[in-house]
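Asker: Let me give you the structure first, and then I'll get to my questions.
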Amino acid sequence: MKQSFGLHHVTMLSSDPVETLRFYCEVLRLHLVKRTVNFDAPDIHHLYFGDRDGRPGTLLTFFPFTDAARGHAGGGAAAALSLAIPAEAMEDWILHLAEQGIDTFGPSQRFGEPVLRFEDPFGLALDLVGREGVAPGPHPVLAGATLASQAPDATEALLVRLMGYEPAGEEPGLRRLAAPGGGQTLDLARGGALPPVEPGAGTVHHLAFRVPDDASLGAIRAELLAWGLDPTPVLDRRYFRSVYVREPGGILFEFATDPPGFAIDEPADRLGTGLQLPPELEPQRAAIERRLAPLTPAG
Ligand code: ZN
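Structure below.
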């Protein structure tokens, strides 16, 4: 099997599209690389942020439900995202976040790396991690997540034995697993039973892992079935094809193909500039555009 299984994207819930756009583009300096709708609820945006080219592995995506109550991290979800910068850029980022009026905590040390903790406007915990080997650039890159599994041993077994993650360290209450191919890390919280996640703004909806092609997606789906899990059929998400599965610790995982990518419906040098709809929703464009919350501040 040609596997890869590093992170493809992470999807969050938020409650204000304008504020989501402002924070991730202006404060974190990511690029809006796709503006589309939630295919299952097309009166809500689906906003994708990432590097300029929208490469798999750099993507943070949001469903900004305008009426979403604030959620609370807890068991059965990722509790924090890690975003990596070169370690020598940490001072600049501390200054930049302070200028933006954002409260930060740290930097503290985790697995030998400096970690600056702050929250997005919806309460999502973000860890800015100074990581060796990260190229200097205008924005941080998705580097991993902290997982609050309700069954950490079973989650670890799946990640290590099925997905090729490697144990990469242990600290009180935390075990680090390195993604195959290196670079990204998942930290499994092992601090005992947690109250379950309360889904809502500021919580992580799912983590998606990369697979290189459709054959690999079919292969991992068969392995998930053999593992005793209950994956969805292969779904066409337009920019990738996906299988979702609830892992044994309650966290929603997705496996997503690298192809076809974001240039399938707009030029690669103009990603994120227009509202893109899948062909089956295109006939409803006028009604959808009327119902969508605006992406620019009122007035
Ligand atoms: Zn997804």
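Residue numbers (my numbering): 1 to 299. Using N, Cα and C, we set each Cβ at its ideal position, and we do this for glycine too.
Which residue marks the beginning of the beta strand (DSSP E) containing V129, and which one marks its end?
Answerer: Its beta strand (DSSP E) spans residues A125 to G130.
Asker: Take E170 and list the residues in its own chain whose beta-carbon comes closer than 8 Å to its own, dropping the five residues that flank it on each side.
Answerer: These residues qualify, in order along the chain: R176.
Asker: Nearest CA to the CA of V37: which residue from R290, G218, A79 and L275?
Answerer: Closest by alpha carbon: L275.
Asker: Taking the DSSP output, what are the residues bridged to R241?
Answerer: Paired residue(s): D236.
Asker: To the nearest angstrom, how far is the alpha carbon of H72 from that of T232?
Answerer: Computed Cα separation, rounded: 26 Å.
Asker: Am I right that A78 and T146 are in contact with their C-beta atoms under 8 Å? What's the rounded C-beta distance?
Answerer: About 7 Å separates the two Cβ atoms, so the contact holds.
Asker: Just how far apart, CA to CA, sit V141 and T58?
Answerer: Approximately 6 Å, taken between the alpha carbons.
Asker: Starting from G144, trace the beta strand (DSSP E) in both directions and tell me its first and last residue.
Answerer: Unbroken beta strand (DSSP E) run through G144: V141 to A148.
Asker: Can you tell me the Cα-Cα spacing of P297 and T66, whole angstroms?
Answerer: The alpha-carbon atoms of P297 and T66 are separated by roughly 14 Å.
Asker: Measuring CA to CA, which of A268, R238 and L271 is closest to L281?
Answerer: The residue with the shortest Cα to Cα distance from L281 is R238.
Asker: Among D214, S14 and I44, which has the Cα closest to the Cα of D258?
Answerer: Among D214, S14 and I44, the Cα nearest to that of D258 is on D214.
Asker: For E223, tell me which candidate among M163, A178 and R190 has the shortest Cα-Cα distance.
Answerer: Cα-wise, what sits closest to E223 is M163.
Asker: Is T58 helix, strand or coil by DSSP?
Answerer: Three-state DSSP puts T58 in coil, outside helix and strand.
Asker: Verify whether the separation of the beta carbon atoms of A143 and A80 is less than 8 Å.
Answerer: Contact: no.
Asker: Measuring straight from C-alpha to C-alpha, what distance separates A69 and D127?
Answerer: Between A69 and D127, the C-alpha separation is close to 23 Å.
Asker: Along the chain, where does the alpha helix (DSSP H) containing M90 start, and where does it finish?
Answerer: Segment M90 to E99, the alpha helix (DSSP H) holding M90.
Asker: Are three or more beta carbon pairs between the segment 203-210 and the segment 8-22 nearer than 8 Å?
Answerer: Verdict: yes, contact present.
Asker: Taking only the alpha-carbon atoms, compute the straight-line gap between M1 and A256 and give it to the nearest angstrom.
Answerer: Because M1 carries a pLDDT of 49, less than 50, the predicted location of this residue cannot be relied on, and the following value inherits that uncertainty. Looking at the two C-alpha atoms, the distance is approximately 15 Å.
Asker: Would DSSP call G261 helix, strand or coil?
Answerer: G261 falls in the coil class under three-state DSSP.
Asker: Does the Cβ of A41 have 16 or more other Cβ atoms within 10 Å, making it buried, or fewer, making it exposed?
Answerer: That one is exposed.
Asker: Using the three-state DSSP reduction, which class does Y165 fall into: helix, strand or coil?
Answerer: The answer is coil: DSSP assigns Y165 none of H, G, I, E or B.
Asker: Is it buried or exposed for R285, if we count other Cβ within 10 angstroms and need 16 for buried?
Answerer: Classification of R285: exposed, given that the 10 Å Cβ count is below 16.
Asker: Considering Cα atoms alone, identify which of E91, R290 and R210 is closest to G181.
Answerer: Here the closest residue by C-alpha is R210.
Asker: Can the beta-carbon of T155 be found less than 8 Å from the beta-carbon of G249?
Answerer: Result yes, Cβ atoms of T155 and G249 sit closer than 8 Å.
Asker: Do L158 and W227 come within 8 Å of each other at the CB atom, strictly closer than that value?
Answerer: Against a cut-off of 8 Å, the Cβ pair of L158 and W227 comes out as a contact.
Asker: May I ask which residues mark the beginning and end of the beta strand (DSSP E) holding T155?
Answerer: Segment P152 to A157 is the alpha helix (DSSP H) holding T155; no beta strand (DSSP E) there.
Asker: With 16 as the cutoff for other CB atoms within 10 Å, does I264 come out buried or exposed?
Answerer: So I264 ends up on the exposed side.
Asker: Starting from R221, trace the beta strand (DSSP E) in both directions and tell me its first and last residue.
Answerer: First-last for R221: D214 to A226, but that is the alpha helix (DSSP H), not the beta strand (DSSP E).
Asker: Grouping DSSP H, G and I as helix and E and B as strand, with all else coil, what is L300?
Answerer: The question about residue 300 has no answer, for the chain in this structure spans 1 to 299.
Asker: Give me the Cα-Cα distance between V134 and D153, rounded to the nearest whole angstrom.
Answerer: Distance between the alpha carbons of V134 and D153 is about 30 Å.
Asker: Under DSSP, the alpha helix (DSSP H) around I288 begins and ends at which residues?
Answerer: First-last of the alpha helix (DSSP H) with I288: R285 to R291.
Asker: Let me know if D187 comes out buried or exposed under the rule of 16 or more other beta-carbons within 10 Å of its beta-carbon.
Answerer: D187 comes out buried.
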